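Peer 1:
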Amino acid sequence: MTHPGTYSDRRTGAHSRSGGRPTGDLLPVVPRRGCGGRRLLVGLFLLGLVASVLPWWTDTQAGSLAGGTAKLTAAGQISGLLAGYLLLVQVLMMSRLPVLERVAGGERIARWHRDVGATLLVAVLAHMSLILVGYAGLEGRSPLGQAGVMLRDYQDMASAFAAAGLLVLVGLTSVRAVRRALPYELWHATHLAAYAVLLLGFAHQFSNGTQLFRPGPVRTGWIAFYALVVAALLYGRVIAPLAFNLRHRLRVADVVAENPDTVSIYLTGARLDRLTMLGGQFFRWRFLTRGCWWQSHPFSVSAAANGRWLRMTVKVVGSHTRDLRDLDPGVRVWAVGPSGTFTAAHRTRERALLIAGGSGITPLRAMLEELPPGTALIYRVRTPSDVLLHRELDWLAQARGVQVWYVVGSRDDPGPRQVMSADGLRRLVPDVARRDVYLCGPPGLIEQSRQLLRRAGVPRRQIHLATFEL
Amino acid sequence: MRRALFAITGLAASTTALVVLKAGPDTSRVAQELPASATPGTEESTTAAESTAEPAEATATAVPRPSVSRSPAPGQSTASPAAGGAESSGGATKKPSVAQPSTAAPRSTVRRVFGPVVSNEFGNVQVAISLTGSRIVAAEALELPERTAQSEQRSSRVDDRYSGTAGLVVQRQSADLDTVSGATATSESYRESLQAAIDQAR
Ligand SMILES: Cc1cc2nc3c(=O)[nH]c(=O)nc-3n(C[C@H](O)[C@H](O)[C@H](O)COP(=O)(O)OP(=O)(O)OC[C@H]3O[C@@H](n4cnc5c(N)ncnc54)[C@H](O)[C@@H]3O)c2cc1C
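Written out as structure tokens, the structure reads:
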């Protein structure tokens, strides 16, 4: 590892000539993409939701749900169908299917996953309790006694109960407060139990599901959806990454210190000219060396595609990032991605304002190469030594006509306070309401900025957030 | 999180709406048919609640079943096929070879498998079978349409013919049964539930 003073000693490859700045020609401005694809996804999701309840609707004769217990059971059936559908959607969203990553982006999918997850948890609990109470009413037992009978006498119900238990565990550990308190790896391992939920919950739907036990289009369709999800998992998690990594064979070229607790990791590989990615996107990286290979962590690329090397700039915050400082050149890297819609292509207006906090500069730095001239960058840091990639930013300011403001100091200092207000923003960037704004940094800064941007009149869909959280 | 709350509320509301919509119209018709369902032969009167489109579970008619012989079962579910006679009237022991397992019912080798509830225009049908190994030793109808005297009559014809420890099911060891004349729909639903139970068991 090297420090800025000795920067030139260990630099290798292309970046030694340019100090990390893109070599050769300026990149063309990335054209905008619409959000039609995303709407299509949401539409498909809603369509599926309706389709999953449709069999119940057509199966149930009007006027047949007269008693209270019948109504409870019917609601139990509906919530069961919904839960079955939502579970598949949940897994599908985590399949890393390239088309999903391209259209919706990993971070947005993670947000959806959280919301659908909460809904799924409620649906499963509702399904269980409604069916238990409903059946118990029909058979004249207590719900608890009914649970015992179902466990013993009904086909595949023991595994279904186990699936529900696991799902509750997965759901509860994902409640934000609980998740924060857990080590990431423990949380992640628990979350993998969701695959067991898929497996354990499978059979009872077909042996006991009133709408699904019959051979026919509904049952076939439901099984087909399962098959589709498994295929998506296989493709997104195995085949696509395998193809990507066999094609590009990434290796660590160098690790360069940017400041005492931040390093840039340069990677080289094969056929990088054919690697399509956008500034602002991230990969999930796995460094195949002792102590690191079993974890995969997301980091944004901190330079746009240049056909010769890749770079990420990593702030040391925990054990894994600490280990990354000591990577040796030559270490193989397994990458999954690119992912994310925090890119120049997803802007809705021509011009952009970027607001970075601390290490949040990394994706924005890469995007700057792909945004049109006139882009503005506000860079919030505590102290001058926290400014990362200083030289590159200055170079970009010149070469691409970027206006850069470094706003140094703590949140309560007069300078930052003046800039980080609706008026301050408007003074700095008069046309802020007609720009897309990209925010990346600590959650506190992002939330604060988001609020004052709204106050400064920036429409919600022009605000893009990257919180470094999945 | 706000979106999740929104989604949960939305789904809960639409589920309620769906149930209410289905429960809404012509409840009067069901109510009218109710009195006719007080019939002999079943222990419990059928209420409107369980008359149609119920999920795969045993309804009131099946109540006696669990208590009889479950206790000795370690792990696997058992029930004596003899108890299967809850409403299968006839033919207890025509063939000794078949009857034997039923007398030995408390042994853990007898498995009971439930078919799902199949509804037709007359009501619900649910079948349960008891097996030793892969051999069906008894079949029983947990529920049959009996909302009217007529459908009750048809049901008991189907039941007599198919169910029990020596009925057609045990003889054929499959759901490939001749239709009981005059009770086509009930026969069909019976076979459907039976087939599903057999599929589950094997
Ligand atoms: C889309 C995205 C892009 C990112 N880009 C950058 C970047 O360019 N530069 C940078 O310095 N950091 C980036 N991060 C943050 C980086 O992933 C975490 O700081 C890193 O994983 C911490 O690992 P650790 O073991 O050192 O720290 P820990 O102390 O183990 O974890 C600190 C926090 O990081 C998060 N985290 C830990 N492990 C993972 C994981 N495997 N996957 C997801 N989150 C995890 C958890 O929320 C945890 O609370 C990014 C995160 C995301 C989600």
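For the record, the sequence lines run as chains W and P.
So the first sequence is numbered by this note's numbering: it starts at 53 and just counts up by one.
So the second sequence is numbered by this note's numbering: it starts at 561 and just counts up by one.
We put the CB at the ideal spot given by N, CA and C, even for glycine.
Predicted model, so just to flag it, every value in this text is computed and none were measured.
(1) For W/Trp-386, does the three-state DSSP call read helix, strand or coil?
(2) How many Å lie between P/Leu-581 and W/Leu-149 at the Cα?
(3) Considering only residues of the same chain and omitting the five flanking positions on each side of P/Ser-753, which have a CB-CB separation below 8 Å?
(4) For W/Ile-130, go through chain P and note every residue whose CB falls closer than 8 Å to its CB, in chain order.
(5) Assign W/Val-459 to one of three DSSP states: helix, strand, or coil.
(6) Measure from the C-beta of W/Ser-68 to each C-beta in chain P and report whether the shortest distance is under 8 Å.
(7) Contact criterion: CB-CB distance below 8 Å. Does P/Val-673 meet it with respect to chain W?
(8) How big is the Cα-Cα spacing for W/Arg-345 and W/Ser-352?
(9) Using a threshold of 7 Å, is the CB atom of W/Ser-352 nearer than that to any non-hydrogen atom of ligand 1?
(10) What are the residues that DSSP puts in a beta bridge with W/Ile-515?
(11) Does the Cβ-Cβ distance between W/Thr-341 and W/Leu-379 come in under 8 Å?
(12) For W/Ala-284, I'd like the list of residues in its chain whose CB is within less than 6 Å of its CB, leaving aside the five on either flank, ordered along the chain.
(13) Among W/Ala-305, W/Ala-114, W/His-179, which one has its Cα closest to the Cα of W/Gly-253?
(14) Look at the Cβ atom of W/Glu-237, then the Cβ atom of W/Gln-347, and state whether they are nearer than 8 Å.
(15) What's the C-alpha gap between W/Ala-214 and W/Val-141?
(16) Can you find the residues in the same chain that come closer than 7 Å, C-beta to C-beta, to W/Thr-320, ignoring five residues on each side of it along the sequence?
(17) Quick check on the DSSP output: the alpha helix (DSSP H) that includes W/Pro-415 runs from which residue to which?
(18) Do W/Val-270 and W/Pro-107 have their C-beta atoms within less than 8 Å of each other?
(19) Could you work out which residues of chain P lie near W/Val-105, taking near to mean beta carbons separated by less than 9 Å?
(20) When the Cα atoms are used, what is the spatial distance from W/Gln-263 to W/Ser-131?
(21) Measure the alpha-carbon distance for W/Thr-314 versus W/Met-329 and round it to whole angstroms.
(22) Using three-state DSSP, classify W/Val-155 as helix, strand or coil.
(23) How long is the line joining the alpha carbons of W/Val-174 and W/Tyr-206, rounded to whole angstroms?
(24) Work out the CA separation of W/Trp-274 and W/Ser-70 for me, nearest whole Å.
(25) Could you check whether the Cβ of W/Val-385 sits closer than 7 Å to any heavy atom belonging to ligand 2?
(26) So with Cβ pairs under 8 Å, would you call P/Val-677 a contact of chain W?
(27) If you measure beta-carbon to beta-carbon, which residues of the region 89 to 119 of chain W are closer than 8 Å to chain C?
(28) Less than 8 Å between CB atoms is the rule here; does W/Ser-181 satisfy it with respect to chain P?
(29) Do the region 486 to 501 of chain W and the region 383 to 402 of chain W touch if we need at least three Cβ pairs shorter than 8 Å?
(30) Can you tell me which of the three DSSP states W/Val-176 falls into?
(31) Considering only heavy atoms of ligand 1, does any lie closer than 7 Å to the CB of W/Tyr-236?
(32) Starting from W/Gly-409, follow its DSSP beta bridges and name the residues at the other end.
(33) Nearest by alpha-carbon distance to W/Gly-217: which of W/Ala-246, W/Gly-197, W/Pro-195 is it?
(34) Taking only three categories from DSSP, how would you classify P/Glu-706?
(35) Look at the alpha carbon of W/Ala-418 and the alpha carbon of W/Gly-169, and state the distance between them as a whole number of angstroms.
(36) Counting only beta-carbon separations shorter than 8 Å, does P/Ser-640 have a partner in chain W?
Peer 2: Looking at the coordinates:
(1) Here residue 386 of chain W corresponds to residue number 334 of the first sequence, with the count starting at 1. Correct three-state label for W/Trp-386: strand.
(2) Counted from its first residue, the second sequence places residue 581 of chain P at position 21. Counted from its first residue, the first sequence places residue 149 of chain W at position 97. In a straight line, the C-alpha of P/Leu-581 is about 39 Å away from that of W/Leu-149.
(3) As a first step, residue 753 of chain P must be located in the second sequence, where it is residue number 193. The beta carbon of P/Ser-753 sits closer than 8 Å to those of Gly-675, Pro-676, Val-677, Val-678, Val-685, Gln-686, Val-687, all from its chain and outside the five residues before and after it, given in chain order.
(4) Position 78 of the first sequence holds residue 130 of chain W. Among the residues of chain P, those whose CB is under 8 Å from the CB of W/Ile-130 are Thr-575, Leu-578, Val-579, following chain order.
(5) By one-based count along the first sequence, residue 459 of chain W stands at place 407. DSSP places W/Val-459 in strand when its eight states are reduced to three.
(6) Your numbering for residue 68 of chain W matches position 16 in the first sequence. With a pLDDT of only 37 at W/Ser-68, under 50, the local geometry of the prediction cannot be trusted, and no value is derived from it.
(7) Indexing the second sequence from 1 puts residue 673 of chain P at position 113. Chain W, which has a Cβ nearer than 8 Å to the Cβ of P/Val-673, makes this yes.
(8) Sequence index remark: in the first sequence, residue 345 of chain W carries index 293 (1-based). Sequence index remark: in the first sequence, residue 352 of chain W carries index 300 (1-based). Going by the sequence as given, residue 345 of chain W is Trp instead of Arg. Those two C-alpha atoms are separated by around 19 Å.
(9) As a working mapping, residue 352 of chain W is identified with position 300 in the first sequence. It does: the Cβ of W/Ser-352 is within 7 Å (strictly closer) of some heavy atom of ligand 1.
(10) Walking along the first sequence from the start, residue 515 of chain W turns up at place 463. For W/Ile-515, which the question treats as bridged, DSSP gives the partners W/Val-489.
(11) Position 289 of the first sequence, counting from 1, holds the residue named residue 341 of chain W. Position 327 of the first sequence, counting from 1, holds the residue named residue 379 of chain W. Yes, these two residues count as a Cβ contact at 8 Å.
(12) As a position in the first sequence, residue 284 of chain W is number 232, starting the count at 1. The answer, listed in chain order, is Leu-144, Ser-147, Leu-149.
(13) Translated into positions along the first sequence, residue 253 of chain W becomes position 201. It is W/His-179.
(14) Here residue 237 of chain W corresponds to residue number 185 of the first sequence, with the count starting at 1. Here residue 347 of chain W corresponds to residue number 295 of the first sequence, with the count starting at 1. One thing to note: W/Glu-237 has its Cβ within 8 Å of the Cβ of W/Gln-347.
(15) Here residue 214 of chain W corresponds to residue number 162 of the first sequence, with the count starting at 1. Here residue 141 of chain W corresponds to residue number 89 of the first sequence, with the count starting at 1. Straight-line Cα distance between these residues: approximately 20 Å.
(16) Reading the first sequence from its first residue, position 268 is the one you call residue 320 of chain W. Excluding positions up to five away in sequence, the list reads Gly-65, Arg-303, Ala-305, Trp-361.
(17) Here residue 415 of chain W is taken as the residue at index 363 of the first sequence, counted from 1. First-last of the alpha helix (DSSP H) with W/Pro-415: 413 to 420.
(18) Here residue 270 of chain W corresponds to residue number 218 of the first sequence, with the count starting at 1. Here residue 107 of chain W corresponds to residue number 55 of the first sequence, with the count starting at 1. Yes, the Cβ-Cβ distance between W/Val-270 and W/Pro-107 is below 8 Å.
(19) Residue 105 of chain W sits at position 53 when you count from the first residue of the first sequence. Under the 9 Å cutoff, chain P gives Ser-574, Thr-575, Leu-578.
(20) Position 211 of the first sequence, counted from the start, is the residue given in the question as residue 263 of chain W. Position 79 of the first sequence, counted from the start, is the residue given in the question as residue 131 of chain W. If you take the alpha carbons of W/Gln-263 and W/Ser-131, they lie about 13 Å apart.
(21) Against the first sequence, residue 314 of chain W aligns to sequence position 262. Against the first sequence, residue 329 of chain W aligns to sequence position 277. Near 23 Å, if we compare the C-alpha coordinates of W/Met-329 and W/Thr-314.
(22) Along the first sequence, read from residue 1 onward, the residue named residue 155 of chain W stands at position 103. If DSSP states are grouped into helix, strand and coil, W/Val-155 belongs with the helices.
(23) Looking up residue 174 of chain W in the first sequence gives position 122. Looking up residue 206 of chain W in the first sequence gives position 154. Rounded to the nearest angstrom, the gap between the Cα atoms of W/Val-174 and W/Tyr-206 is 24 Å.
(24) Sequence index remark: in the first sequence, residue 70 of chain W carries index 18 (1-based). Sequence index remark: in the first sequence, residue 274 of chain W carries index 222 (1-based). In this prediction, W/Ser-70 has a pLDDT of 41, which is less than 50 and means its spatial position is unreliable; nothing more can be read from the coordinates.
(25) In the structure shown, ligand 2 is absent; the only ligands present are ligand 1.
(26) For the purposes of this step, residue 677 of chain P is taken as the residue at position 117 of the second sequence. Cβ-Cβ to chain W under 8 Å: yes for P/Val-677.
(27) Of the protein chains in the structure, W and P, none is chain C.
(28) Residue 181 of chain W sits at position 129 when you count from the first residue of the first sequence. W/Ser-181 does not count as touching chain P.
(29) The way I'd put it, the region 486 to 501 of chain W does touch the region 383 to 402 of chain W; three or more beta-carbon pairs between them come closer than 8 Å.
(30) Mapped onto the first sequence, residue 176 of chain W falls at position 124. In this structure, W/Val-176 counts as helix in the three-state DSSP scheme.
(31) To locate residue 236 of chain W, count along the first sequence from 1; it is residue 184. For W/Tyr-236, the distance from the CB to the nearest heavy atom of ligand 1 is below 7 Å.
(32) Translated into positions along the first sequence, residue 409 of chain W becomes position 357. In the DSSP output, where bridge partners are listed per residue, W/Gly-409 has W/Arg-432.
(33) On the first sequence, position 165 is the one that residue 217 of chain W refers to. The shortest C-alpha separation from W/Gly-217 is found at W/Ala-246.
(34) Sequence index remark: in the second sequence, residue 706 of chain P carries index 146 (1-based). Coil.
(35) As a first step, residue 418 of chain W must be located in the first sequence, where it is residue number 366. As a first step, residue 169 of chain W must be located in the first sequence, where it is residue number 117. Whole-angstrom Cα-Cα distance: 32 Å.
(36) Counted from its first residue, the second sequence places residue 640 of chain P at position 80. Because the pLDDT of P/Ser-640 is 38, which lies under 50, any placement of that residue in the model is unreliable, and the number read from its coordinates should be weighed accordingly. P/Ser-640 has a beta carbon lying at 8 Å or more from every beta carbon in chain W.
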